Structures are given as C-alpha cells and as structure tokens.
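This report concerns only the one structure given below.
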Amino acid sequence: MKKMEAQQLAIEKSKVIIEYIFQILSDSEKVNATMEFSNDKVENQNMVILDINVPKRNFKRSLNLGITSDHENVLFAQLFDDLLETFLPHETMGITKYYSIKSMHPSFTGIDATNTLGSRITINFNSSGTEFMHLVENYQAKYNAFVENMNNNTFESNEGLKK
C-alpha cells in the first residue's frame, strides 16, 4: 500500500469511525464502550484493526480498516482532525484531551468521547513513536486553542453583560 492510497482510505474510514461514535453516544441510556486499535495479520499483511465493544448492548465488532500498519499514522492524523472538527463544537457530545495511563495491564493511550448523559467511549490508540507523538501534540494544540477561544468568547460575553 502506498501512502497516497492510505490517505484516500483514511478519509473514508475516519468517517465510519465517527459514525460509530455518534451511534453509540446517541443511545438514550448511559453506556460505556471501548474502541481499541491494534494490528493484525490479514492475508500476509499487517493491517490496522479497530475493535468496538458496547457491553450494555451486547455489541462487538472487529473492523479491518484496510490500511497497513506502516501507514496507521495517516489514519490517526485524519481521525484526530475529524474528532476535533466534529465533537469540539457539538452541543451534547464531546471529546477529552489525549491522555495516557501506564499500568501493568491494560495500558491506555488515547481519548474519551462523551455525551451529556454520562456515556463514555474510551478510544485506545495503542500507539507510540515520534511521528505519533507529533500527531498527539498537534491534537492537543488544536484542542487547547479551541478551549482558549471558547473561554475568550465567554469572557467577552460576560463583559458585555456587565455594561
């Protein structure tokens, strides 16, 4: 697989992942779910796999995303951008900053997608390395800029109310 092919496929696969997140968080009851990225050999190629688990709904799905593991960061870059664009301005759903929990087992490196009901999807990227950490830094910077912009707008709105 060439990088250009992975970039084209990443756009499509990221939309699919965002749709799954929307569907899970649109449940009328509070649910907890996991999305876990991994790599697995499929037809002699190491492919990026996404395992989705929503225990309360007895829903499990394992998706071969069609992107080879050597291009996983292409997918993650697209997904980070789509997550920020979709969920930061959303009224009832949101995402957290990237965080990491290192422990004996299981370790976690990712984000949470949440809603106002208290539902939560932990999205574990299971990735590391210099290129991935650059993507994380970019995600955090965009996240922080959005929060700062919201705080500035709130401050300006409150100042207008005082006059």
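Each step along the sequence shown adds one to the number in numbering that gives the first Met the number 0, with nothing skipped, and position 90 is 89. In this text, a Cβ means the ideal position worked out from N, Cα and C, and glycines have one as well. Bear in mind the structure is a predicted one, so any value in this text is a computation, not a measurement.
Close beta carbons around residue i, own chain, < 6 Å, minus the five adjacent residues each side
i: residue 91; result: 114 and 115
i: residue 41; result: 63
Nearest candidate by alpha-carbon position, reference residue i, set the options
i: residue 15; options: 99, 118, 49 and 129; result: 49
i: residue 54; options: 33, 62, 133 and 152; result: 33
i: residue 78; options: 135, 152 and 2; result: 135
i: residue 141; options: 7, 81, 41 and 40; result: 81
i: residue 123; options: 117, 133 and 98; result: 98
i: residue 38; options: 26, 25, 58 and 62; result: 62
i: residue 89; options: 40, 149 and 2; result: 149
i: residue 170; options: 110, 3, 118 and 58; result: Because the chain in this structure spans residues 0 to 162, residue 170 falls outside the shown range and cannot be described.
i: residue 138; options: 58, 84 and 7; result: 84
i: residue 45; options: 145, 0 and 105; result: 0
i: residue 112; options: 25, 129 and 143; result: 25
i: residue 96; options: 146, 3 and 102; result: 146
Same chain, Cβ closer than 8 Å to residue i, five either side skipped, listed in chain order
i: residue 5; result: 66, 67, 70, 73 and 74
i: residue 127; result: 108
i: residue 130; result: 72
i: residue 2; result: 70 and 73
Simplified DSSP state of residue i, which is helix, strand or coil
i: residue 59; result: strand
i: residue 52; result: strand
i: residue 69; result: helix
i: residue 0; result: coil
i: residue 161; result: Low confidence applies here, because residue 161 scores a pLDDT of 47, under 50, leaving its location unreliable; read the following figure in that light. Three-state result, residue 161: helix.
i: residue 141; result: helix
i: residue 79; result: helix
i: residue 130; result: helix
i: residue 156; result: A caution first: residue 156 carries a pLDDT of 48, below 50, which makes its placement in the model unreliable, though a value can still be read off. Correct three-state label for residue 156: helix.
i: residue 13; result: helix
i: residue 38; result: strand
i: residue 123; result: strand
i: residue 150; result: helix
i: residue 30; result: coil
Beta-carbon separation (whole angstroms), residue i vs residue j, contact threshold 8 Å
i: residue 56; j: residue 30; result: 7 Å
i: residue 94; j: residue 86; result: 4 Å
Check whether residue i and residue j have beta carbons under 8 Å apart
i: residue 120; j: residue 23; result: yes
Residues near residue i by beta carbon distance below 7 Å, same chain, minus five either side
i: residue 19; result: 51
i: residue 47; result: 36, 38, 64, 66, 68, 71 and 74
i: residue 10; result: 77
i: residue 100; result: 106 and 107
i: residue 125; result: 35, 36, 37 and 108
Chain B contact for residue i (CB, 8 Å cutoff)
i: residue 17; result: Any reference to chain B falls outside this structure, which holds one protein chain only.
Heavy atom of the ligand SAM within 7 Å of residue i beta-carbon
i: residue 32; result: The model on display carries no ligand, and the ligand SAM is accordingly not part of it.
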